[in-house]
Amino acid sequence: MSISSLFEPLAFLHGPPMRNRFMLAPLTNQQSEPDGVASEFDQDWIRQVAQSGYGLVHTCATNVEASGIAFARQLGIHSDDQLPGLTEIAASIRGGGALSSVQLHHAGHRANLRLGGVPSPASGRTIPGIAALTTEQVERIRDSFIAAAKRAERAGFDGVAPHGAFGWILSEFMSPLLNDRTDKYGGNLENRARLTIEVIDGIRRACGPDFQIGWRLSIERYGLLLEELREIVAEIFQRELIDYLDLALWDSAQIVGTGTFRGKTMLSVFTDLPRRGVRVGTAGKIMSAQRCAQLLEEGCDFVLIGRAGILERDFPLRVKANPLHESPALPVTADFLRQGGLSERFINHMRGWESFVQPGSP
Ligand SMILES: Cc1cc2nc3c(=O)[nH]c(=O)nc-3n(C[C@H](O)[C@H](O)[C@H](O)COP(=O)(O)O)c2cc1C
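Numbering follows the numbering used here, with no gaps: position 354 of the sequence shown is 389.
Set out below in structure tokens:
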């Protein structure tokens, strides 16, 4: 497939089409005010990516409850006080011509005590001395996801993407290792997937018919089972519960090491499924124009750009201008990022990512 295919529009089950096949992946950058209100640094970053030619821009992981916080200076969507900042973000993205989506996040057992978080495990065995959430508490968290989606809609976003990856609460509940509950949210796969399905279903009912729902899913670690996730994804596709699936791989070329699908690409385990009207994309080391085009050939409808979008804000525009474009090699100097317009806060955040900022680079 040629590079030009990346610039063809993509329709969704709900809402407006995406103008091309590039989504900016959710990227936490720890720049918000301590109360989760978007700061001038958040707005500046969003203004930059809004003008960068993406079809859809995700916000960073945005917490749906103050007690579900994971990161210092994390953006919040749990209070109406956060609405003006969120409204400005949505307007900037729309102004640049992209669709906008808030990534809805709750840290579950990994909520950060030092930031006022309340570790909220699915199981009483996960953190010694901390009891499992009660059924009522799980329902409260579900409702917080739905209330946050409503808030995103009021702020003017085109949609939301519940964060079902990396062991955060939705993937925690999905995991047979982290979820040994005996209520309706634990036990068999149907029960472990119930929180995710109720969140998605609740958002669909609470928000308007044009509101878009993405779902971010990761497969690795946290005791998640590929075969089970495939089964749930197949059902979600069949029932057309979401507009798009975002497969959060760390390497989009990853090969399955064990089990039924050993030797296949992780991606193909999901792209091989009948997807009805649901769109599918992936993230993971997508750092060149050619790799983007190749992923469409491998069955993706779109690609998610992470680190390449931090290195060069305008990655999609560069791909359009040059079919052989490649991201700069890592690590880069802090000055390189500074010259590209990245704030000191964001650069400091990136110093924590392995092999991204050159060690000792002032
Ligand atoms: C700085 C940084 C922040 C990230 N923050 C989030 C986040 O808030 N939510 C999320 O789901 N993934 C997050 N990720 C993962 C990315 O969205 C993406 O899936 C991952 O980096 C793989 O894509 P890449 O190889 O293009 O970077 C983050 C990654 C990076 C590098």
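Each residue gets a CB set at the ideal place from its N, CA and C atoms; glycine is no exception.
Every value quoted in this text rests on a predicted model; they were computed, and no experiment measured them.
Is it the case that the CB of residue 61 approaches a heavy atom of ligand 1 more closely than 7 Å? Here residue 61 corresponds to residue number 26 of the sequence shown, with the count starting at 1. Checking the Cβ of residue 61 against ligand 1 gives yes.
Nearest-angstrom Cα separation, counted from residue 131 out to residue 44: Within the sequence shown, residue 44 is the residue found at index 9, counting from 1. Within the sequence shown, residue 131 is the residue found at index 96, counting from 1. Roughly 16 Å separates the two Cα atoms.
Closer than 7 Å: residue 426 CB and nearest ligand 1 heavy atom: This structure gives no information on residue 426, because the portion of the chain shown stretches from 36 to 397.
Contact between the region 141 to 158 and the region 80 to 93 (3+ Cβ pairs under 8 Å): no
Please confirm whether any heavy atom of ligand 1 lies closer than 7 Å to the CB of residue 103. Position 68 of the sequence shown holds residue 103. No, ligand 1 has no heavy atom inside 7 Å of this Cβ.
Would you say the beta carbon of residue 95 is closer than 7 Å to some non-hydrogen atom of ligand 1? Position 60 of the sequence shown, counted from the start, is the residue given in the question as residue 95. Yes, the beta carbon of residue 95 sits closer than 7 Å to at least one heavy atom of ligand 1.
Flag residue 328 as yes when its Cβ comes closer than 7 Å to any non-hydrogen atom of ligand 1, and as no otherwise. Looking up residue 328 in the sequence shown gives position 293. Checking every heavy atom of ligand 1 against the Cβ of residue 328, none is found closer than 7 Å.
Complete beta strand (DSSP E) runs within the region 169 to 256 (minimum length 3 residues, chain order): 194 to 199 and 247 to 252
Report yes if the C-beta of residue 121 is less than 7 Å from at least one heavy atom of ligand 1; otherwise report no. Here the question's residue 121 lines up with position 86 in the sequence shown. False, no ligand heavy atom lies under 7 Å from that Cβ.
Given this structure, state the Cα-to-Cα distance separating residue 211 from residue 143, to the nearest angstrom. Working through the sequence shown from its first residue, we reach residue 211 at position 176. Working through the sequence shown from its first residue, we reach residue 143 at position 108. Near 15 Å, if we compare the C-alpha coordinates of residue 143 and residue 211.
Rounded to the nearest angstrom, what separates residue 197 and residue 82 at their Cα positions? The residue given as residue 197 occupies position 162 in the sequence shown. The residue given as residue 82 occupies position 47 in the sequence shown. Cα to Cα, the separation comes out at about 23 Å.
Do the CB positions of residue 100 and residue 176 come within less than 8 Å of each other? As a first step, residue 100 must be located in the sequence shown, where it is residue number 65. As a first step, residue 176 must be located in the sequence shown, where it is residue number 141. Taking 8 Å as the Cβ cut-off, residue 100 and residue 176 qualify as a contacting pair.
Check whether the region 230 to 247 and the region 187 to 204 are in contact - that is, three or more C-beta pairs closer than 8 Å. yes
Within the continuous alpha helix (DSSP H) that includes residue 58, where are the two ends? Here residue 58 corresponds to residue number 23 of the sequence shown, with the count starting at 1. For residue 58, no alpha helix (DSSP H) encloses it; the enclosing beta strand (DSSP E) starts and ends at 57 to 59.
Which same chain residues end up closer than 7 Å to residue 262 when comparing Cβ atoms and leaving out the 5 residues on each side of it in sequence? If you number the sequence shown from 1, residue 262 lands on position 227. So the list reads 294 and 295, once near-sequence residues are dropped.
Where in the region 267 to 326 do unbroken runs of the beta strand (DSSP E), each at least 3 residues long, occur, reported from the N-terminal end onward? 279 to 283 and 314 to 318
Contact check, residue 319 vs residue 287 under 8 Å by CB: the rounded distance? On the sequence shown, residue 319 is found 284 positions in, with the first residue counted as 1. On the sequence shown, residue 287 is found 252 positions in, with the first residue counted as 1. In this structure residue 319 touches residue 287 by the C-beta definition: roughly 4 Å separates them, less than 8 Å.
Going along the chain, which residues of its own chain have a beta-carbon closer than 7 Å to the beta-carbon of residue 122, five neighbours each way excluded? Stepping through the sequence shown from its first residue, residue 122 is reached at position 87. So the qualifying residues of the chain are 190 and 191.
Would residue 366 pass as a contact of residue 350 if the rule is Cβ separation under 8 Å? As a working note, residue 366 is residue 331 in the sequence shown. As a working note, residue 350 is residue 315 in the sequence shown. Not a contact, by the Cβ cut-off of 8 Å.
For ligand 1, I want to know if residue 250 counts as a neighbour, meaning its beta carbon is within less than 7 Å of at least one of the ligand's heavy atoms. Along the sequence shown, read from residue 1 onward, the residue named residue 250 stands at position 215. Outside the cutoff, so no.
Nearest-angstrom Cα distance between residue 313 and residue 229? On the sequence shown, position 278 is the one that residue 313 refers to. On the sequence shown, position 194 is the one that residue 229 refers to. C-alpha of residue 313 to C-alpha of residue 229: approximately 20 Å in a straight line.
Figure out for me which residue from 91, 114 and 124 has the closest Cα to the Cα of residue 79. Numbered from its first residue, the sequence shown carries residue 79 at position 44. For residue 79, the nearest C-alpha among the options comes from 124.
At 4 residues or longer, what runs of the alpha helix (DSSP H) sit wholly inside the region 317 to 382? 324 to 332, 342 to 346, 350 to 356 and 369 to 374
Using the DSSP secondary-structure output, state which residues sit across from residue 97 in a beta bridge. The residue labelled residue 97 in the question sits at position 62 within the sequence shown. BP columns for residue 97 point to 139.
Please tell me whether, using a cut-off of 7 Å, the distance from the CB of residue 12 to the nearest non-hydrogen atom of ligand 1 is below it. The question about residue 12 has no answer, for the chain in this structure spans 36 to 397.
Helix or strand or just coil, what does DSSP make of residue 148? Your numbering for residue 148 matches position 113 in the sequence shown. Residue 148: helix per DSSP, three-state reduction.
Alpha carbon to alpha carbon, how far is residue 172 from residue 103? For this step, residue 172 is matched to residue 137 along the sequence shown. For this step, residue 103 is matched to residue 68 along the sequence shown. As the crow flies, the alpha-carbon of residue 172 is around 12 Å from that of residue 103.
Assigned secondary structure, residue 121 (DSSP; H/G/I helix, E/B strand, else coil): Taking the sequence shown and counting its residues from 1, one reaches residue 121 at position 86. Helix.
Find out if the Cβ-Cβ distance for the pair residue 72, residue 109 is shorter than 8 Å. Counting from one through the sequence shown, the residue named residue 72 turns up at place 37. Counting from one through the sequence shown, the residue named residue 109 turns up at place 74. Contact: no.
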